[in-house]
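Have a look at the structure below, then the notes.
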Amino acid sequence: MEFISNLVSMPWLDYSISGLVIGSIYALMAIGLALIFGVANLINFAHGAVFTVGSYIGWTCLVALHLPLGVSIVLVALGTGIVGALIEWLAIRPLNRQSRIAPLLSTIGVGLILDQVIHIVFSPTPRALSANIPNWRIQVGNGTIGPIDITIALTAILSAGLLYLFLYKTKLGMAVRATAQDDDAAKQMGVNINRVNMTVFGIAGALGGIAGLLVGLYFNSIDPNASFQMMLKGMVAIVIGGMANVPGAIGGGLILGLIESYGIGLFGASYRNLFAFAVLLIMLLFRPNGLFARKGERHAEPMTGTFVSQSKPVRIPKQLILALVVVALLLPMANQPYITQIMTNAYLYGLAALALTLVSGTVGLVSIGHAALLALGAYASALATTKGLPVGLGLIFGGLFAGIVGTVLAYPAFRLRGHYVAIGTLALGEIVALVILNWTPVTNGALGVFAIPPLELFGVPLYGTNQSYWFVLGLLLVFCGLQVRLLNSHLGRTWRAIREDTVAAETYGISSNYYKGLAFGFAGFTAGIAGAVTAHQWSFINYDSFNLQFSVLILTMVLLGGMGNVSGAVLGAIVIAALPEFFRAVAEYRMLFYGAALIILIRFRPQGLLGSG
Amino acid sequence: MTEHRLLPALSRRLFCQLALVSTLAGPALAATSGDPVYIGVSGPLTGPQAQYGAMWKQGFDLALKEINADGGINGRPLDYIFEDTQNDPRQTIAVAQKFIADPKISVEVGDFSSTSSMAASPLYQRGKLVQFGFTNSHPDFTKTGDYMWSNSVPQSQEQPLVARHVVEDMGMKKIGVMYLNTDWGKTSKDIFAKAARDLGAEITTEEGYLGDEKDFRATLVRVRDTHPDGLMLVSYYADAALIVRQAREMGIELPIFAAGANSPEFIKLAGPAGNGVHTAINFAETSTRPEVEHFVAAFKETYGQGPSHFAAMAYDTFNLLAAVMREYGTSREDVKEGLGKITDAKSVIFPKVSFDPETRRISDPSVTELVVQDGGYTVYQPASQ
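Here the protein sequences come in this chain order: A and B.
Counted the way the working numbering counts, the first sequence spans residues 437 to 1049.
Counted the way the working numbering counts, the second sequence spans residues 266 to 650.
This is the structure:
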């Protein structure tokens, strides 16, 4: 009842204003994303980094060089416009004929590089960004709004208007629309689609940069870690508005801002992102074309088969595998605990990658929320064992819990395809983390779970460096063996059939949801055990132990090895876990190398080192 | 002897560091000889928390220079090996294995956050190497075992002092609390709220928020509508600045106490809105104690800027460990035993340092209350208010 009375007595006007202010910031982000999605059919994950680059160019102009605001805006637009065009030229265009996942991952790589360059040049400390802006404020409701708030809203509307004129009144705009509809047909009609794409990325970059500058001025604070959050919010906004719908993106941004603001009003700020991602999921499930789509309008998605690169997997001779296993078993004898620990970490990554390569590679559901499965397993085992369950049973409980709950959570996403699966699983991953953070009575909230018992199996201690190494290696080998068996059975063939063409598989009488569920259940079990082992190894976990960066890292491992390829997943995990160690000497540049390696790999060996299975 | 610190020096700071190392090496070689005594540092040099690792290094290097000029550890030079972990628990446990297996290391310092530090604690405990966490305020950090020690200010002692200032000096009777929803924020908030209630104040609301939050308008509306007569922010400097600015923009003119406002960065980010905000600090640059005056002067001379709280903590930590090793020996067991025995060690943060051997934390911190005024700080004076 208290809730209802809160609902009535809430100061709706004040919440609406705060929602519209932050919503117009999201809208600015969303316009660029929608534009790029329209033409390139691609979610540009580097857009958040372009936003950050814009805020730092703005800082350089306004604070370091004392240029006037007008000049600064022009320079920011130019600078980030060039960055945007370069992204298209260097990271997207060469991937023209590759699988659809390739450019998406390439933009993740570009984003990493841009963020790291900003880190190195400007240091990670937040900076103040102010300009000579008139100091009047208008009273609205109980609060006030000032010139910057209005500028942000106007910029969003103005740029949408200009874009409209460009798209519908100019020849290049017509070419852009033609390319968005059908790039092959446009090409045949003599449209230079490279020029079109570059123009669009340039415009989107300029808009993103201006957004960075304005938002920096609004908060009087810029920081190089802002990219990812902004990118996420922009993405939710375009899902609400319709992926390629530019005016829809503005509407989507404002709606998202309002929903968050009302949500905070009712439940509190810790829940903010929970609302954003819940809205995202609901939209994906019920209105995948966005709120503003006309009835019956269908987008180019869903697609089948083309999302993952196909190739013949590299066959590794049995003798070589055997030899490698023997080497792995003998490794602790070298008496280098540091290396042993790195390899234990690598095998745990390997277990997680094994699970992901099954759902993403074999079944074709590319997941960016994989960390949630590990978190579920880790929390289940940690909470059960701190209350007295033996660790051995805790591990199994963690695996079962992650398998069952993970499948139930992901079930609604089974009907999604392509990009939508990636976005949907990303949202699911964030929702799991936020529920863990906010459900304090069960999960202990922000304090995390402490004093988790160390690894042991029914009285046999396994927490020594070498024992835990052998234990994790054993787990990895067992699960590898199981997965290979499954893939070679009729189940494996069915999974691949669903990946290749779900509709055709269904017409052959395969209930695709059931088989997707089986894959998720098995993957969830594997990942849950990996998470549980990690929890017992660390003795302390919190909601951030398995975060989005972790999900992206695991996906990179899977791609590196080759989607769906069991030995590829293990190889990818070992390479990526060991890679940072090689770059230790050049610590500051580590993430740069990492981003560059990702782009180069996608460009020159999109099927992964060992080929997709 | 300096090869370990030259490795990460393959960076844009190459020249600064080379200059620094050579200035260090001069007096050090004159006063000390033999194998160095090593401290292993596990901390972030890259990644989102890299700025804190950079601040640590400033404090470490300055402490090292002075310790070695003063005879090192009974004639042996003191040195450290800094391993970058990006504050990632997967990397801190690997680094822990490296340090435990390396017989040169006498004591380990770090990591930065509780998540990454506590993941490595079981290893250090079993490896019988002291893990000295100087930024670890998580209440459970020292509970893993008797090899976990911390000189981070225990919130259980600091927050009641803050509550007294907020309730009695600032006169808040109905307090709206906003806190960073992390282990530090939540623990501090709980202790503060209890202490404030004990002093007769009412807590009108407790609003948690996430670390990457930038927009606080909606949360502030929520807080405002509980009709508090003052705001208490358990926040870092960047979010404190954002909250203060947005509160003032929304016309909320209540008195504010902000935990993170003690960083000079707060003043830059908050701008004029920061004026009149109260805060408290353990390390007060303005203190007239000889240790502090010496440290601030030496720091400004070396780095051309005032020390941050993290640099001061880092400096203090090395001096403390040096004092322990000088008095009680440099073996791993010596360090562990020595930490429990040392009394009245010099410190720039605490009046005097000694540990409670049960909790392995420091007792009796002091706080200095500050008020932000026109781009600087003034020490709070009860009489003049």
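Just so it is clear, CB atoms sit at the ideal spot from N, CA and C, and this is done for glycine as well.
{"Asked": "Coil, strand or helix - Thr587 of chain A by DSSP", "Found": "helix"}
{"Asked": "Cross-chain neighbours of Thr516 of chain A in chain B, by beta carbon under 7 Å", "Found": "Ordered by position in chain B, no residue passes the 7 Å Cβ test against Thr516 of chain A, which lies about 20 Å from the chain."}
{"Asked": "Buried or exposed (CB count within 10 angstroms, at least 16 for buried), Glu423 of chain B", "Found": "buried"}
{"Asked": "The region 826 to 839 of chain A / the region 757 to 770 of chain A touching (three or more Cβ pairs under 8 Å)", "Found": "no"}
{"Asked": "Per DSSP, cross-strand counterpart(s) of Met413 of chain B", "Found": "B:Gln396"}
{"Asked": "Per DSSP, cross-strand counterpart(s) of Tyr345 of chain B", "Found": "B:Ile304"}
{"Asked": "Neighbour flag for Thr484 of chain B against chain C, beta carbons, 7 Å", "Found": "As a matter of chain content, chain C is missing from the structure shown, whose protein chains are A and B."}
{"Asked": "Enclosing beta strand (DSSP E) for Ser371 of chain B [first to last residue]", "Found": "370 to 375"}
{"Asked": "Beta-carbon gap between Gly582 of chain A and Phe481 of chain A smaller than 7 Å", "Found": "no"}
{"Asked": "Spatial distance of Ala319 of chain B from Pro313 of chain B (CA atoms)", "Found": "12 Å"}
{"Asked": "Extent of the continuous alpha helix (DSSP H) to which Ile546 of chain B belongs", "Found": "Here Ile546 of chain B belongs to no alpha helix (DSSP H); instead the beta strand (DSSP E) covers 543 to 546."}
{"Asked": "Chain A contact residues for Arg626 of chain B, given Cβ-Cβ distances below 8 Å", "Found": "Simply none; closest approach about 16 Å."}
{"Asked": "Cα-Cα separation between Met383 of chain B and Phe1018 of chain A, rounded to whole angstroms", "Found": "25 Å"}
{"Asked": "Stretch-stretch touch, CB-based, cutoff 8 Å, three pairs: the region 496 to 511 of chain A with the region 523 to 533 of chain A", "Found": "no"}
{"Asked": "Closest residue to Gly678 of chain A among A:Val750, A:Leu505, A:Leu540, A:Ala470 (Cα-Cα distance)", "Found": "A:Ala470"}
{"Asked": "Validate contact between the region 594 to 601 of chain B and the region 614 to 626 of chain B using beta carbons, cut 8 Å, 3 pairs", "Found": "no"}
{"Asked": "Chain-ordered residues of the region 762 to 788 of chain A with a beta carbon less than 8 Å from chain B", "Found": "Gln772, Pro773, Tyr774, Thr776, Gln777, Ile778, Asn781"}
{"Asked": "Environment of Met999 of chain A [buried if 16+ CB atoms lie within 10 Å]", "Found": "buried"}
{"Asked": "Residue-level contact to chain A via CB, Gly473 of chain B, 7 Å cutoff", "Found": "yes"}
{"Asked": "Continuous alpha helix (DSSP H) stretch holding Phe703 of chain A: start and end", "Found": "682 to 703"}
{"Asked": "Nearest-angstrom beta carbon gap, Asp490 of chain B and Met437 of chain B [assumed within contact, 8 Å]", "Found": "Rounded, the Cβ-Cβ distance is 17 Å, inconsistent with contact."}
{"Asked": "Contained alpha helix (DSSP H) runs [length at least 4] in the region 622 to 672 of chain A, N- to C-terminal order", "Found": "629 to 655"}
{"Asked": "Phe548 of chain B versus Arg510 of chain B - alpha carbon distance", "Found": "25 Å"}
{"Asked": "Three-state class that DSSP yields for Leu756 of chain A in the structure shown", "Found": "helix"}
{"Asked": "First and last residue of the uninterrupted beta strand (DSSP E) at Lys439 of chain B", "Found": "439 to 445"}
{"Asked": "Cβ pair Gly865 of chain A, Gly805 of chain A closer than 7 Å", "Found": "yes"}
{"Asked": "Backbone CA spacing between Ala295 of chain B and Asn339 of chain B [nearest angstrom]", "Found": "Residue confidence for Ala295 of chain B is low, a pLDDT of 48 falling below 50, so the modelled location carries little weight and cannot support an answer."}
{"Asked": "Closest residue to Leu1045 of chain A among A:Ser975, A:Lys952, A:Val761, A:Ser747 (Cα-Cα distance)", "Found": "A:Ser747"}
{"Asked": "Arg554 of chain B (DSSP reduced to helix, strand or coil)", "Found": "coil"}
{"Asked": "Assumed close pair Leu464 of chain A, Ala647 of chain A - CB separation to whole angstroms, cut-off 8 Å", "Found": "4 Å"}
{"Asked": "Alpha carbon of Thr595 of chain B to alpha carbon of Gln777 of chain A, nearest angstrom", "Found": "27 Å"}
{"Asked": "Within 7 Å, strictly: CB atoms of Gly305 of chain B and Ile370 of chain B", "Found": "yes"}
{"Asked": "Three-state class that DSSP yields for Glu602 of chain B in the structure shown", "Found": "helix"}
{"Asked": "Nearest-angstrom Cβ-Cβ length linking Ala849 of chain A and Val857 of chain A, presumed shorter than 8 Å", "Found": "6 Å"}
{"Asked": "Host beta strand (DSSP E) of Phe522 of chain B (start-end)", "Found": "521 to 523"}
{"Asked": "7 Å Cβ cutoff, Gln665 of chain A in contact with chain B", "Found": "yes"}
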